[in-house]
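Protein chains: 2
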Amino acid sequence: MKENPYDNPVFFQKYSQMSRSVQGLEGAGEWHELQKLLPDFHGKRVLDLGCGYGWHCRYAWEQGADSVLGVDLSERMLQVAREKSAGTPIQYRRCAMEDLTLPQGSVDVVISSLAFHYVRDFAPLVERIRNWLAPGGAFVFSVEHPVFTAYGSQDWYYDQEGNILHFPVDNYYDEGVRDALFLGEHVTKYHRTLTTYLNTLLNQGFTLHHVVEPQPPEHMLDLPGMRNEMRRPMMLLVSASK
Amino acid sequence: MKENPYDNPVFFQKYSQMSRSVQGLEGAGEWHELQKLLPDFHGKRVLDLGCGYGWHCRYAWEQGADSVLGVDLSERMLQVAREKSAGTPIQYRRCAMEDLTLPQGSVDVVISSLAFHYVRDFAPLVERIRNWLAPGGAFVFSVEHPVFTAYGSQDWYYDQEGNILHFPVDNYYDEGVRDALFLGEHVTKYHRTLTTYLNTLLNQGFTLHHVVEPQPPEHMLDLPGMRNEMRRPMMLLVSASK
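Quick look at the structure:
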């Protein structure tokens, strides 16, 4: 089954209130780091896998992309994306990224923000991305960090008074399904190791350019819970080229 | 101060009884993975930073290296290394790797096994390694994994009956000194993030080839405590070239 928590109305409602949903890219704690890894979009054919509300699609378009295709499995997300993108030629397609077919070499940039941890099999997907990319094409993505996904619950470990003690890691090498609590809802995610994320790219001939565990920016540190984000890595950003 | 726990007699005595000290490379749980990342040594000038007993130096020599220099700060370690290397032209030099000077482009392969987490400043060291390496030269190293070094104690988190609950991660982005308990002795190590390990190389123009979090080999899983090594990553192996 392809994971799609975003068409669960309760989950979608909660997600739509997160600062990254309300404020867009500027409301996402990792954006200031992800932005640095993005290539020059000018004249490029861009594909966004798991595009959600389409924030990155619109950014690519504003930065001069020639064409932009956003793909997502959630009809609710795409509805919002289409509304917000009215007046642009950005195309949105409802499709699981695992099922997407595109002509060989038809894309210059593939981006994906916090979506691959919903995908069970990473290697076949990377192989197809490599096939879609033109020679020299760029591949930039963010995922939940393996430290964050390993244990499963994605929650801190607390003392009896409810104070955070630390973040737990377990079953690190046991890749696969995790039942995570996200916005109070049970969400199925897939844990994989850092080795799998990076070596899958390297083994398929990608050149790695950056590997970044983003820290929240200074001006966000006073938001609720944000200082705790200095205590364990939550995301992993990777840029590579074919 | 340059860290050198190995000249503490009590620590050295305990270290000398570890399976990696008694059996050498075959007694090290990560060797089967590190070995795959090593380049062809034939005719190469090899430098081993933090060479300890000189196992990797001798391996390089046996694999056809043209010259091998092992550098370590511990006189006790080097004494053993010299004894074990009798009859070979392997050279050993007592020196902190941070203080080592070598001519530009005078080395084809730099290896380092589990030593960089004793070094406070990684970037200047990598810059000098890059300078020592001839064009196309190989750089392969292992370090303790950032997940393993972040919290500090390097121990599991237990319940009241002494059962392992999980491995704790904390202060991940707070790089620097950690007071670790290793073989029952307090040892100063330096935690740094994965971002720092990898991007330092990438920013200085190295090409990454492999990033591996080694799992213990099947035949070692019945050794005491080894099955727990599947629960969290303890080491990080990296291969790169200039």
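Those protein sequences? They're chains A and B, same order as listed.
Quick note on numbering: this note's numbering labels position 36 of the first sequence as 47, and the sequence is numbered without any gaps.
Quick note on numbering: this note's numbering labels position 165 of the second sequence as 176, and the sequence is numbered without any gaps.
Even for Gly, the Cβ is constructed at its ideal location relative to N, Cα and C.
Start and end of the beta strand (DSSP E) containing residue i?
| i | result |
| --- | --- |
| A:ARG189 | 187 to 193 |
| A:LEU209 | Looking at the DSSP string, A:LEU209 is not in any beta strand (DSSP E); the run it does join, the alpha helix (DSSP H), is 205 to 214. |
| B:HIS43 | Unbroken run through B:HIS43 is the alpha helix (DSSP H), 42 to 48; no beta strand (DSSP E). |
| B:LEU248 | 246 to 252 |
Quickly, what does DSSP pair residue i with across the bridge? List them, please.
| i | result |
| --- | --- |
| B:GLN56 | The sequence as given places Arg at residue 56 of chain B; Gln does not occur at that position. According to DSSP, B:ARG56 bridges with B:SER78. |
| A:LEU144 | A:VAL118 |
| A:ARG102 | Residue identity check: residue 102 of chain A is Gln in the sequence provided, not Arg. Note: A:GLN102 sits in a beta bridge opposite A:LEU80. |
| B:ALA126 | The partner list for B:ALA126 (beta bridge, DSSP) is empty, contrary to what the question assumes. |
| A:LYS200 | A:ARG189 |
| A:HIS220 | A:HIS220 is not bridged to any residue. |
| A:ALA149 | A:VAL120, A:SER252 |
| B:TYR70 | B:TYR70 is not bridged to any residue. |
| B:TYR168 | B:HIS177 |
| A:VAL154 | A:LEU247 |
What are the boundary residues of the alpha helix (DSSP H) that residue i is part of?
| i | result |
| --- | --- |
| B:VAL180 | Element bounds for B:VAL180: not the alpha helix (DSSP H) but the beta strand (DSSP E), 175 to 180. |
| B:SER32 | 30 to 33 |
| A:THR160 | 157 to 160 |
| A:ALA107 | Taken as a continuous stretch (DSSP letters only), A:ALA107 belongs to no alpha helix (DSSP H), as it is neither H nor E. |
| A:ARG87 | 86 to 95 |
| B:LYS25 | 20 to 26 |
Taking the CB atoms as reference points, tell me whether residue i and residue j lie closer together than 7 Å.
| i | j | result |
| --- | --- | --- |
| A:VAL154 | A:PHE127 | yes |
| A:THR211 | A:ALA134 | yes |
| B:TYR64 | B:ALA92 | yes |
| B:VAL223 | A:VAL158 | no |
| A:TYR201 | A:ARG131 | yes |
| B:SER250 | B:HIS230 | no |
| A:LYS25 | A:GLY148 | no |
| B:TRP72 | B:GLY35 | no |
| B:SER262 | B:ASP18 | This structure does not reach residue 262 of chain B, given that chain B is present from 12 up to 253, and the question cannot be answered. |
| B:PRO227 | B:GLY40 | yes |
| A:ASP77 | A:ARG56 | yes |
| A:TRP143 | A:VAL120 | no |
| A:ASP170 | B:HIS177 | no |
| A:ILE9 | A:ASP59 | This structure does not reach residue 9 of chain A, given that chain A is present from 12 up to 253, and the question cannot be answered. |
| A:GLN215 | A:ARG104 | no |
| B:PRO244 | A:TYR162 | no |
| B:PRO16 | B:VAL137 | no |
| B:GLU44 | B:LEU248 | yes |
Which residues in chain A have a C-beta closer than 7 Å to the C-beta of residue i? List them in chain order.
| i | result |
| --- | --- |
| B:VAL158 | VAL158, VAL180 |
Could you work out which residues of chain B lie near residue i, taking near to mean beta carbons separated by less than 7 Å?
| i | result |
| --- | --- |
| A:ASN210 | HIS221, VAL222, VAL223 |
| A:TYR183 | ARG242, ARG243, PRO244 |
Is there a Cβ of chain B sitting closer than 7 Å to that of residue i, yes or no?
| i | result |
| --- | --- |
| A:TYR169 | no |
| A:MET241 | yes |
| A:PRO228 | no |
| A:THR207 | no |
| A:PRO50 | no |
For residue i, go through chain A and note every residue whose CB falls closer than 8 Å to its CB, in chain order.
| i | result |
| --- | --- |
| B:TYR213 | Going by the sequence as given, residue 213 of chain B is Leu instead of Tyr. Those within 8 Å of B:LEU213 in chain A are LEU219, HIS220, HIS221, VAL222. |
Counting contacts by CB-CB distance shorter than 7 Å, is residue i in contact with chain A?
| i | result |
| --- | --- |
| B:TYR103 | no |
Can you pull the chain B residues whose beta carbon is under 8 Å from the beta carbon of residue i, in chain order?
| i | result |
| --- | --- |
| A:THR204 | GLU224, PRO244 |
| A:TYR162 | HIS177 |
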